[in-house]
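Report on the structure given below.
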Amino acid sequence: MTASTTASPTRPPGAAPGPDGAEARRRARRGRLYRLDVKGSPYLFILPFFLLFAAFGIFPLLYTGWMSLHSVSTLTPDQSTWTGLGNYTMLGHDPVFWKSLRNTVTIGLLSSVPQLAIALGLAHLLNYRLRGRLFFRVALLAPYATSVAAAALIFQFIFQQNNAGFANWVLHLVGVHPVGWEAGTWSSQLAVATIVMWRWTGYNTLIYLAAMQAVPGELYEAAALDGTNRWQQFRYVTVPALRPTIVFTVVVSAIGSLQLFGEPYLFGGSGQGINGGPDNQYSTLALYVYRLAFNSEHLGRAAAVAWVIFLIAVVVGAVNAVVVRRLRKSA
Amino acid sequence: MRPSPLRSGSRRRPRVLAAASAAVLLAAGLLTGCGSSDTASSGGTVTLKVGDFGTFGYNAKGANLFAAYMKLHPDIKIVEDNNANEQNYWNATQAHLAAGSGADDIQAFDVSRMGQVTTTLASRFTDLSKVPGVAKADWAPVKWSQGTARSGAVVGLGTDLGPEAVCYNTKLFKAAGLPTSPAAVAKLWGGSWDTFVNTVGTAYQQHAPHGTYFLDSGEGLFNSVVGSGATQYYDASGKAVYASNPSVKAAWKLASQAVAAGETPGIAQFSTQWASGFANNSFATTICPAWQMANIVNDSGKKNAGVWNVATAPQASDWGGSYLTVPAQGHHVKQAQALVQWLTRAQQEITVFSTPDVGNFPSNVTAYADPRVSGAKNAFLSGAPIGKIFSAAARRIPAAPIGQYDGVIRNDMGNGVLLMEQKHESASAAWKATLQQITTDTTG
Amino acid sequence: MTALTPPAAVPRRPSRRPVTGGAGRQHHGGPVTYLILIVVALASLFPLYFSVVAASTSQSRIAQSPPPLVPGANLLANLRAVWDYNGPGGHTLGLAMVNSVIVAAAVTVSTVLFSTFAGFAFAKLRFTGRNALMVFVVATIAVPPQLSVLPLFRIIAGLHWTDQLQSVILPSLVTAFGVFFMRQYLSSALPTELLEAARMDGANSWRTVWHVVFPVARPAMAVLGMLTFVQAWNDFLWPLIALTPSGNPTLQVALASIGGGYDINESVIMAGAVVTTVPLLIAFAVFGKQIVGGVMQGAVKG
Numbered sequence: 001m002t003a004s005t006t007a008s009p010t011r012p013p014g015a016a017p018g019p020d021g022a023e024a025r026r027r028a029r030r031g032r033l034y035r036l037d038v039k040g041s042p043y044l045f046i047l048p049f050f051l052l053f054a055a056f057g058i059f060p061l062l063y064t065g066w067m068s069l070h071s072v073s074t075l076t077p078d079q080s081t082w083t084g085l086g087n088y089t090m091l092g093h094d095p096v097f098w099k100s101l102r103n104t105v106t107i108g109l110l111s112s113v114p115q116l117a118i119a120l121g122l123a124h125l126l127n128y129r130l131r132g133r134l135f136f137r138v139a140l141l142a143p144y145a146t147s148v149a150a151a152a153l154i155f156q157f158i159f160q161q162n163n164a165g166f167a168n169w170v171l172h173l174v175g176v177h178p179v180g181w182e183a184g185t186w187s188s189q190l191a192v193a194t195i196v197m198w199r200w201t202g203y204n205t206l207i208y209l210a211a212m213q214a215v216p217g218e219l220y221e222a223a224a225l226d227g228t229n230r231w232q233q234f235r236y237v238t239v240p241a242l243r244p245t246i247v248f249t250v251v252v253s254a255i256g257s258l259q260l261f262g263e264p265y266l267f268g269g270s271g272q273g274i275n276g277g278p279d280n281q282y283s284t285l286a287l288y289v290y291r292l293a294f295n296s297e298h299l300g301r302a303a304a305v306a307w308v309i310f311l312i313a314v315v316v317g318a319v320n321a322v323v324v325r326r327l328r329k330s331a
Numbered sequence: 001m002r003p004s005p006l007r008s009g010s011r012r013r014p015r016v017l018a019a020a021s022a023a024v025l026l027a028a029g030l031l032t033g034c035g036s037s038d039t040a041s042s043g044g045t046v047t048l049k050v051g052d053f054g055t056f057g058y059n060a061k062g063a064n065l066f067a068a069y070m071k072l073h074p075d076i077k078i079v080e081d082n083n084a085n086e087q088n089y090w091n092a093t094q095a096h097l098a099a100g101s102g103a104d105d106i107q108a109f110d111v112s113r114m115g116q117v118t119t120t121l122a123s124r125f126t127d128l129s130k131v132p133g134v135a136k137a138d139w140a141p142v143k144w145s146q147g148t149a150r151s152g153a154v155v156g157l158g159t160d161l162g163p164e165a166v167c168y169n170t171k172l173f174k175a176a177g178l179p180t181s182p183a184a185v186a187k188l189w190g191g192s193w194d195t196f197v198n199t200v201g202t203a204y205q206q207h208a209p210h211g212t213y214f215l216d217s218g219e220g221l222f223n224s225v226v227g228s229g230a231t232q233y234y235d236a237s238g239k240a241v242y243a244s245n246p247s248v249k250a251a252w253k254l255a256s257q258a259v260a261a262g263e264t265p266g267i268a269q270f271s272t273q274w275a276s277g278f279a280n281n282s283f284a285t286t287i288c289p290a291w292q293m294a295n296i297v298n299d300s301g302k303k304n305a306g307v308w309n310v311a312t313a314p315q316a317s318d319w320g321g322s323y324l325t326v327p328a329q330g331h332h333v334k335q336a337q338a339l340v341q342w343l344t345r346a347q348q349e350i351t352v353f354s355t356p357d358v359g360n361f362p363s364n365v366t367a368y369a370d371p372r373v374s375g376a377k378n379a380f381l382s383g384a385p386i387g388k389i390f391s392a393a394a395r396r397i398p399a400a401p402i403g404q405y406d407g408v409i410r411n412d413m414g415n416g417v418l419l420m421e422q423k424h425e426s427a428s429a430a431w432k433a434t435l436q437q438i439t440t441d442t443t444g
Numbered sequence: 001m002t003a004l005t006p007p008a009a010v011p012r013r014p015s016r017r018p019v020t021g022g023a024g025r026q027h028h029g030g031p032v033t034y035l036i037l038i039v040v041a042l043a044s045l046f047p048l049y050f051s052v053v054a055a056s057t058s059q060s061r062i063a064q065s066p067p068p069l070v071p072g073a074n075l076l077a078n079l080r081a082v083w084d085y086n087g088p089g090g091h092t093l094g095l096a097m098v099n100s101v102i103v104a105a106a107v108t109v110s111t112v113l114f115s116t117f118a119g120f121a122f123a124k125l126r127f128t129g130r131n132a133l134m135v136f137v138v139a140t141i142a143v144p145p146q147l148s149v150l151p152l153f154r155i156i157a158g159l160h161w162t163d164q165l166q167s168v169i170l171p172s173l174v175t176a177f178g179v180f181f182m183r184q185y186l187s188s189a190l191p192t193e194l195l196e197a198a199r200m201d202g203a204n205s206w207r208t209v210w211h212v213v214f215p216v217a218r219p220a221m222a223v224l225g226m227l228t229f230v231q232a233w234n235d236f237l238w239p240l241i242a243l244t245p246s247g248n249p250t251l252q253v254a255l256a257s258i259g260g261g262y263d264i265n266e267s268v269i270m271a272g273a274v275v276t277t278v279p280l281l282i283a284f285a286v287f288g289k290q291i292v293g294g295v296m297q298g299a300v301k302g
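Residue numbers (the UniProt record's numbering), protein chains in the order written: chain A, 1 to 331; chain B, 1 to 444; chain C, 1 to 302.
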C-alpha cells in the first residue's frame with residue numbers, strides 16, 4: 001500500500017463491473033477520482049504550508065547560507081566578497097563563539113530538563129477535576145503572555161548582587177553569603193535558566209494537557225479496575241500515551257535552547273545584554289548572532305553562526321530519530 | 001451499527017472554523033484593500049518623516065518645535081517615528097538603509113554609530129555642509145569633526161553634546177570628611193585625573209560610609225579619561241590606534257588603579273543595580289555628561305533633592321550626543337535638509353535644552369551665550385550653575401577623530417574594565433584579553 | 001522521520017459511548033494538588049502583578065531597593081503618558097490595538113488551519129518525500145529569526161509593502177512549529193479506524209478532514225491557537241522593521257517609543273506592558289470557557 005493508510009484494502013471502489021453501463025462508468029469515474037484524491041490530497045494538504053514557508057522560511061534560510069560564504073557588512077549587503085568557508089574557520093578561534101556554544105548547552109540543560117518534568121507533573125494535576133480550572137490555566141499562560149521587558153525587570157531585581165535582591169535575601173535566611181548573580185558564570189546561567197523556566201513551563205504544561213485530553217478515559221477505568229494507584233496510572237497509562245507529544249516537547253525545547261536570545265539579552269539590561277555579560281558568561285549562540293549582525297555589523301560571520309545553529313539542530317534531530325528507533329526496537 | 005463519524009461530525013461542526021473563515025476573509029480584504037499612503041505629497045503638502053530614538057524632545061510638551069516649523073512652512077507636514085530603545089531603532093534603520101528603501105526623510109544617530117555612518121554608510125547620505133545657513137564655526141569642534149566623512153562631506157549635523165562634569169553626592173562627601181562646595185571640590189583634583197583617582201578617591205574610600213563607593217563605575221571613569229584625549233581609538237587618517245595610543249593606556253591604568261583601590265562597585269552602568277545605587281546613595285561621584293543629570297534626578301528620587309552637586313571635571317571630555325542626517329534615498333531631500341538646518345540652529349537647541357524633562361545640551365556653541373543656557377541652574381542638583389559648567393567644558397573638548405568601529409571598541413574596552421572589577425583580572429591580563437576581543441570584533 | 005512517531009502506545013478504537021473524560025478526570029484534585037497549583041499560579045502571576053505595581057509608582061521608587069510591592073498613586077499619570085506616546089495629537093492607541101487584533105487573529109487562524117492540514121498529512125497519509133520533508137521542517141525551527149529579518153525586508157521593500165499590515169501578517173502565516181505540533185498530536189490522538197470508517201462511508205479527503213480530523217484535533221488546535229496568538233501579539237523584532245510608529249503600527253510598535261530617553265522611565269514602560277498584556281489575559285479569561293471547553297470536550301467523542 002503506497003498511497004494512503006486511510007485507504008481500506010477491503011474496499012476497492014469501482015473495481016467490480018456493474019450490470020448497467022452508466023453505473024459502471026460512474027463507478028469508474030469515482031474510482032479515478034478516488035485514486036486522484038488519495039494520491040493528490042496529501043500534497044494539497046501540505047501545499048499552503050510549503051508555499052508560504054518557501055517564501056518566508058526557506059528563502060531567508062538560503063539567503064543566510066549564501067551570506068555565510070561571504071565577507072559582508074550588514075550595512076552594505078550588496079557589496080560582498082566571496083570567502084568560501086572563511087567565516088566558519090574564523091569561528092574556530094573566536095573565544096566568544098566557543099563560550100556562547102558552551103553556555104547554550106549548559107543553559108539549555110539547566111532549563112529544559114526541570115522545565116519539562118515540572119510541566120508534565122503540572123499537566124497531570126490540572127487534569128484532575130478541579131475548581132477554578134480556568135483561572136489556573138490563564139495563570140499558567142501569564143508568564144508567556146507577560147511582556148519580556150516586564151519579566152526581565154523583575155528578575156533583575158530578584159537577582160541583584162547586593163543584599164536587597166530577593167534571591168540573596170533568601171540565601172541570607174539560610175546563612176549563605178550574597179551571590180553576585182550577574183557577574184558569576186554559573187550563577188548568571190542559573191538566573192537565566194530560571195527566567196526561561198518561569199516563562200516556558202506553563203507553555204509546555206498546556207501542550208501536555210491538550211494531549212492528555214485525548215487519552216481515552218476507559219484506559220484509566222481499566223487501569224483502576226486492575227487496582228492501580230494514581231501514580232501507576234500516570235506512569236503506565238498517561239506517559240506512554242503522551243510519547244509523541246513528549247518527543248515533540250523535547251525536540252522543540254532542544255531547538256528552543258539553541259535559539260535562546262530574549263532572556264539573556266534582557267537579563268543583561270541595556271548595557272550588558274548585547275554581550276551576554278562582560279566575560280560573555282551568559283552569551284548564547286543566538287545572542288551572538290544578534291551581536292555580530294546588528295552591533296558589529298559582520299553579517300557574513302553572523303550568518304555562519306546561524307548556520308552552525310541550523311546544522312546542530314539537524315544533528316539533534318537525527319540523533320533523536322536514531323534514539324527513538326533504538327528504543328522502539330528494544331521495547 | 002457503529003455511529004458514523006461523518007454524521008456525528010457534521011452535527012458538531014467546529015465553531016472555531018466559522019470564526020476562522022471570517023478572519024481569513026477579513027485579512028484578505030485588508031490585504032487587497034489597503035492602499036499605499038506613502039510619504040508622497042498630497043495637495044501640495046510635503047510630509048517629512050523624522051526617525052529618532054530616546055528623547056530628542058522636538059515634539060515634547062513645552063518644545064513643540066515641529067508645530068512651530070509647520071506654522072512657518074504651511075506646505076510641510078512633519079511626523080516623528082520614535083523608538084525609545086536605540087538598539088531597536090538602529091536595527092530597523094540599518095535594514096532600511098541597506099535595502100535602499102524605507103528610511104525616513106531624516107534619521108537621527110547616536111554618536112556611537114557615527115563611526116559606521118561616516119565610513120561604510122557615508123555614501124547613503126547627503127552632504128549637509130553646503131546647506132544654506134550651515135557654518136562649521138557654529139558647532140563645538142568635536143561635534144563637527146565626528147559628523148564628517150573622510151571625503152569631507154558632512155553626513156550629520158550635531159544635535160546635543162555630552163560635555164562632562166563630576167556630579168558628586170554632598171552627603172557622602174561630608175561623611176567622608178571632604179569639602180562640599182563645588183569650587184573646593186574641583187580644587188581637590190585640580191586638572192588631574194590621576195589626583196582624582198589616586199588622591200581624592202583613596203581619601204574618600206578611607207573614610208567612606210560602609211557600602212559606598214567613590215565612583216559609580218570604572219567604565220565611566222575610563223570612557224571619560226579616554227574622551228579627554230586629542231586622539232582616541234583612531235587617528236585622523238582612519239587608522240586604528242587603540243592598542244598603541246598612550247592616552248588610552250593611561251586611562252586603562254587609572255581605571256585599574258581605581259578598581260584595585262576599591263573605588264568602584266563593579267556593576268555595569270545603566271543596569272537596574274546602578275539605578276538602585278543612586279536611589280540608595282551608594283555612589284559618591286559619577287563623571288556625568290550633561291544628559292546623565294536626568295538619571296541622577298529620576299533615580300535618586302525627590303527625597304534626595306539637594307544632595308547632589310556638580311563640579312568641573314579634571315579635564316574636558318565628551319560622551320554621547322547625537323546627529324541628524326538626511327538619507328539620499330528620500331524623496332524630499334531639500335526640504336529635509338532645510339529642516340535639519342533649522343532644528344540644529346542655536347534657537348532650537350536652546351528650546352530643547354530648556355524644555356522640562358528633556359534638557360539635551362546644545363552642541364551649537366552659539367547657544368552658550370544665551371542667558372537661557374548660561375544662566376541655567378539645576379534646582380535638584382543643589383542649584384548648580386550647569387549652563388556655565390557644561391558650556392565651559394564643551395568649548396575645551398578636543399576634536400578627536402572617530403573611526404569605523406569606534407562604538408564596538410568602546411564596548412569591548414568597557415567590558416575589559418568590568419573584567420578587572422568582576423573577575424579580578426590583573427590590568428595586563430584584562431588588557432590582553434580586551435585587545436584580542438577587539439581584533440575579533442573589528443575583523444571582516 | 002518515522003522514528004519520531006512511535007506507534008501509538010495505546011491501542012485505541014472509536015468508543016461506542018461518549019467518553020467524557022480525558023486522563024484521570026475521574027479523580028478530584030486533593031488539597032495538595034490545590035496547594036501546588038496555587039503556588040505555581042502565584043509565581044506565574046507575580047511579575048504581572050509587579051508590572052502593575054511598577055506602573056503605578058515613579059521611576060525613583062522602582063530604583064530603590066527593596067522594590068515596591070504595593071501599588072502607588074501614579075497609575076493614571078503613567079497610563080496617560082502611554083496614551084500620548086506619539087506626543088499630544090499623535091496617533092492614538094486605538095488604531096494600534098485594532099491593528100494588533102487583526103494581525104494576531106489572521107496569523108492565528110491561518111497557522112492553526114494550515115498546520116492542521118499539513119500535520120494531518122504528515123501524521124496519517126503516505127506520500128513520497130514525507131519523511132525527508134518532515135526532518136527538514138523540524139530543523140528549520142532552529143533558524144534564528146534575528147537574521148531572517150534582513151532578507152524579509154528586501155522582499156517587503158520590493159513589494160512596496162512597508163508600513164502595511166500584510167508585511168507582518170504574511171511572513172507569519174505558517175510555522176514549522178505548528179506543523180510539527182499537529183503532526184505529533186494527531187499521530188497518537190487520531191485513530192486510524194476513524195479514518196477508515198470515513199472512507200467506508202465514501203468520504204473524500206476533504207470531507208474526512210472536516211468531519212473527522214478537525215473534531216479530533218480541537219484540543220490541540222485550541223492550544224496552538226492560544227500560543228500563536230500570544231506570540232503574534234507580543235512579536236516586535238520584525239514589526240519594528242516593517243512598520244513605523246507614525247504610520248500603521250501594531251501595539252508593540254506604537255509602544256516602542258514610550259519611556260525612552262537617556263534616562264529610561266521604567267514606570268511608564270511598565271504601564272505600556274500592562275496595556276499590552278492585560279487585554280490579552282482578559283480575552284483569554286473571557287473566551288477561556290470556549291477555549292478550555294474545546295480542550296475539555298476532547299477528541300474521542302464521536
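In this text, a Cβ means the ideal position worked out from N, Cα and C, and glycines have one as well. This one's a predicted model, so the numbers in the text were calculated from it and none came from an experiment.
Name the one or two DSSP bridge partners that residue i has.
| i | result |
| --- | --- |
| B/E164 | B/P289 |
| C/H28 | A/R129 |
| B/A384 | B/N378 |
Count the other C-beta atoms from every protein chain shown that fall within 10 angstroms of the C-beta of residue i, then say buried if there are 16 or more, exposed otherwise.
| i | result |
| --- | --- |
| C/L42 | exposed |
| B/T45 | exposed |
| B/T312 | buried |
| B/K239 | exposed |
| residue 323 of chain C | No answer is possible for residue 323 of chain C: the residues shown for chain C start at 1 and end at 302. |
| B/S151 | exposed |
Per DSSP, what kind of secondary structure is residue i in: helix, strand or coil?
| i | result |
| --- | --- |
| B/D104 | coil |
| B/T440 | helix |
| B/N378 | strand |
| A/K329 | helix |
| B/D370 | coil |
| B/C34 | Low local confidence applies: a pLDDT of 40 at B/C34 is under 50, so the model's placement there is unreliable, with the coordinate-based value given in what follows. Coil, per DSSP. |
| B/I78 | strand |
| C/P215 | helix |
Would you kindly report the start and end of the unbroken beta strand (DSSP E) that includes residue i?
| i | result |
| --- | --- |
| B/V46 | V46 to F53 |
| B/V310 | W308 to T312 |
| B/S271 | Taken as a continuous stretch (DSSP letters only), B/S271 belongs to no beta strand (DSSP E), as it is neither H nor E. |
Determine the contact status of residue i and residue j, defining contact as a CB-CB distance below 9 Å.
| i | j | result |
| --- | --- | --- |
| A/P278 | B/K423 | yes |
| A/Y282 | A/A302 | no |
| A/I255 | A/Y208 | no |
| C/F181 | C/V137 | no |
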